[in-house]
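S.K.: Under the working numbering, think of the first position of the sequence shown as 8, with each following residue one higher.
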Amino acid sequence: MDGKLDTNRVFTAEGAPNIALIKYWGKRDEKLILPQNSSISLTLSRDTLHTTTSVLVSSKLDEDRFYLDGEIQDLKDKDVAERFGIVGIMRKMAGIREKVLIVSRNDFPTASGMASSASGIATLVYVLNEAFGLGLSTRKLSIVARQGSGSACRSLFGGLVEWKRGAEPDGSDSYAEQVFDEKHWPELMDNIAIVSQEKKKVPSRAGMKQTVQSNPLYASRPAAAEKRLSELTEVYGKKDFESLAELIMADSNEMHALMLSTRPSIRYLNRSSYKVMDLIEGLNLSEGKNIAAYTFDAGPNAHIITLSKHNAKVMEALEQLKASGDVFDVRQSKIGQGPSMLGKDFSLIDDAALGPKAGN
Ligand code: DP6
């Protein structure tokens, strides 16, 4: 056994989801999860949304066990197994055979386009690095996380984060990197307008494959995304919100247009999502400049990027949609940091029973 391996200690970490501003929607390698284009996202604040994950490595376990939001997961299920493969990858890197007990909890609606898998996988990779005594760099961890779920690699850093497309067939240059930390633009924030808590109908993995294979409009996407990404990085550096908002809305609309024109058509937005778009466009028009931008990942919930000085106006406008029943909750988030370790008081594992603590 590896000298650094501590089999009696529970390791716990916390991480956050990210919202893509320039979207990843299409792979060039399905197995290694290599994207067709680079993407860029903001990591959200753990105060608003977070995943907590505890890990115990133990020779007493005869198989891996994984509890998510209080429910034991079937590791033979294809979707779970695809994402859980990262545990095997990291165990191999550590040269150990011990099994792991993982207990993970999200404080936001799972699988509703709120990037719970990104947050979950980034946090898991981060905590396993400690539990297995691997000591990998955050860049290396992002390469592992990418193989669980592409967008997860961006949640290993805080602030504005780019996932580089890379060119190598083995994926060694397709990793995440921080572009600006969370202190660069502290006024920037994300209001998440929740319009649905339903699970998404088409998983993003199957959806993006369908788009790449069947949509003739996709051919122009990778180059357009790369161009917009470099423009976005530049205006973000200058804190030019007016231009940033244009780029954010353009990229979200381009991705959802590609989904819509895929055969069979993929539609994640619902009537309430469109009402949020109308509302923000109306607000920007009446202000005579962009004070907010909407963006949607693979789900109907809106992320409204704004500056703290405009937030009261945005929240006031959203009241209309709350009154009509289109928006039933708004979570306000600042831009946050990457994952970090928590003390033993935060453990979600009941050591004696080797299962989740009651209430998890
Ligand atoms: C719309 O990262 O969930 O949120 O790599 O197949 O696990 P897999 O896909 P995933 O796709 C996220 C797509 C998106 C855009 C984005 O986050 O860039």
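Just so you know, even glycine gets a beta-carbon here, dropped at the ideal spot from N, CA and C.
Whose CA, out of ASN15, LYS190, LEU224, ALA319, lies closest to the CA of GLN344?
M.R.: Nearest of ASN15, LYS190, LEU224, ALA319 to GLN344, Cα basis: LYS190.
S.K.: Pull up the DSSP beta-bridge partners for SER340, would you.
M.R.: Per DSSP, ASP197.
S.K.: Between the C-alpha atoms of ASN308 and MET284, what's the straight-line distance to the nearest angstrom?
M.R.: Computed Cα separation, rounded: 11 Å.
S.K.: Pull the bridge partners of TYR301 from the DSSP assignment, please.
M.R.: DSSP, once it has assigned bridges, lists ILE311 as partnering TYR301.
S.K.: Could you check if SER124 belongs to the surroundings of the ligand DP6, using beta carbon to heavy atom distance under 7 Å?
M.R.: Correct: SER124 has its Cβ closer than 7 Å to the ligand DP6.
S.K.: Name the one or two DSSP bridge partners that THR59 has.
M.R.: DSSP output for THR59 lists GLU21, ARG112 as bridge partner(s).
S.K.: Secondary structure at GLY102, three-state DSSP: helix, strand or coil?
M.R.: Coil at GLY102, not helix or strand.
S.K.: Going by beta-carbon coordinates alone, are ASP114 and SER340 separated by less than 8 Å?
M.R.: No; because the gap between Cβ atoms is not below 8 Å, this pair is not in contact.
S.K.: Using the C-alpha atoms, what's the distance from ASP357 back to LYS246?
M.R.: If you take the alpha carbons of LYS246 and ASP357, they lie about 47 Å apart.
S.K.: What does the alpha-carbon distance come out to for the pair ILE71 and THR60?
M.R.: One point to set straight first is that residue 71 is Asp, not Ile, in the sequence displayed. When rounded, the distance between both Cα atoms is 15 Å.
S.K.: With a cut-off of 8 Å, do at least 3 Cβ pairs link the segment 301-319 to the segment 247-259?
M.R.: Output reads yes: the segment 247-259 touches the segment 301-319.
S.K.: Identify which residue in ASN291, SER272, ILE273, ASP304 has its Cα closest to the Cα of GLU253.
M.R.: Per the Cα distances, ASN291.
S.K.: Rounded to the nearest angstrom, what separates ARG172 and LYS234 at their Cα positions?
M.R.: If I take the Cα positions, the gap works out to 13 Å.
S.K.: Give the straight-line distance between the Cα atoms of GLU194 and ILE342, rounded to the nearest whole angstrom.
M.R.: Rounded to whole angstroms, GLU194 to ILE342 spans 9 Å at the Cα level.
S.K.: Ignore the nearest five residues each way along the sequence and tell me which others in ASN136's own chain have a CB closer than 8 Å to its CB.
M.R.: Answer for ASN136: MET97, GLY142, LEU143, LEU148, listed in chain order.
S.K.: Nearest to LYS99 by CA position, among ILE26, VAL151, GLN217, ALA200, is which residue?
M.R.: Closest option to LYS99, Cα to Cα, is VAL151.
S.K.: Just grab the DSSP bridge partners of PRO363 for me.
M.R.: In DSSP, PRO363 forms a bridge with ILE356.
S.K.: Counting beta carbon pairs with one atom in the segment 153-172 and one in the segment 81-98, are three or more of them shorter than 8 Å?
M.R.: Judged by Cβ distances under 8 Å, the segment 81-98 makes contact with the segment 153-172, as three or more pairs qualify.
S.K.: Out of PRO346, PRO24, PHE164, ALA365, state which residue places its alpha-carbon closest to the alpha-carbon of ASP304.
M.R.: Ranking PRO346, PRO24, PHE164, ALA365 by Cα distance to ASP304 puts PRO24 first.
S.K.: I'd like to know if the segment 204-219 and the segment 260-277 are in contact, where contact means that at least 3 CB-CB pairs between them fall below 8 Å.
M.R.: Segments in contact, yes.
S.K.: Let's see if you can read the secondary structure: which residues bound the alpha helix (DSSP H) around THR240?
M.R.: Run containing THR240: 228-244, per the alpha helix (DSSP H) assignment.
S.K.: LYS30: buried (16+ other C-beta within 10 angstroms of its C-beta) or exposed?
M.R.: Result: buried.
S.K.: Mind checking ARG278: buried by the 16 CB within 10 Å criterion, or exposed?
M.R.: When all chains shown are included, ARG278 counts as exposed.
S.K.: Determine the DSSP secondary structure at LYS34, reduced to helix, strand or coil.
M.R.: Strand, per DSSP.
S.K.: Kindly confirm or deny that the segment 314-328 and the segment 257-265 touch, where touching means at least three C-beta pairs closer than 8 Å.
M.R.: No, the segment 314-328 is not in contact with the segment 257-265.
S.K.: Would you say the beta carbon of ARG212 comes nearer than 7 Å to a heavy atom of the ligand DP6?
M.R.: Checking the Cβ of ARG212 against the ligand DP6 gives yes.
S.K.: Fully enclosed by the segment 248-278, which alpha helix (DSSP H) runs are 4 residues long or longer?
M.R.: For the segment 248-278, whole alpha helix (DSSP H) runs of length 4 or above, ordered along the chain, are 248-267.
S.K.: For LYS34, I'd like the list of residues in its chain whose CB is within less than 8 Å of its CB, leaving aside the five on either flank, ordered along the chain.
M.R.: So the qualifying residues of the chain are ILE40, LEU41, PRO42, GLN43, GLY157, MET215, LYS216, VAL219.
S.K.: If you run the structure through DSSP and keep just helix, strand and coil, what is GLN154?
M.R.: Coil.
S.K.: Can you tell me which of VAL132, ALA300, ALA330, PHE139 puts its alpha carbon nearest to the alpha carbon of LYS106?
M.R.: Closest by alpha carbon: PHE139.
S.K.: Where does SER162 fall in DSSP's three states?
M.R.: Of the three classes helix, strand and coil, the one that applies to SER162 here is helix, per DSSP.
S.K.: Would ALA232 be called buried (16 or more neighbouring beta carbons within 10 Å of its own) or exposed?
M.R.: Answer is buried; the Cβ neighbour count reaches 16.
S.K.: Would you mind giving the Cβ-Cβ distance between LEU361 and LEU108, rounded to the nearest angstrom? I have them listed as a contact below 8 Å.
M.R.: That belief holds up - the Cβ atoms of LEU361 and LEU108 are roughly 6 Å apart, short of 8 Å.
S.K.: Could you check how far apart the C-beta atoms of ILE199 and ARG112 are, in whole angstroms? I think they sit under 8 Å.
M.R.: ILE199 to ARG112, Cβ: 19 Å. No contact.
S.K.: Does the ligand DP6 have a heavy atom nearer than 7 Å to the CB of GLY157?
M.R.: True, at least one ligand heavy atom lies under 7 Å from that Cβ.
S.K.: Is the Cβ-Cβ distance between VAL186 and ILE79 less than 8 Å?
M.R.: No, the pair does not count as a contact, with Cβ atoms beyond the cut-off.
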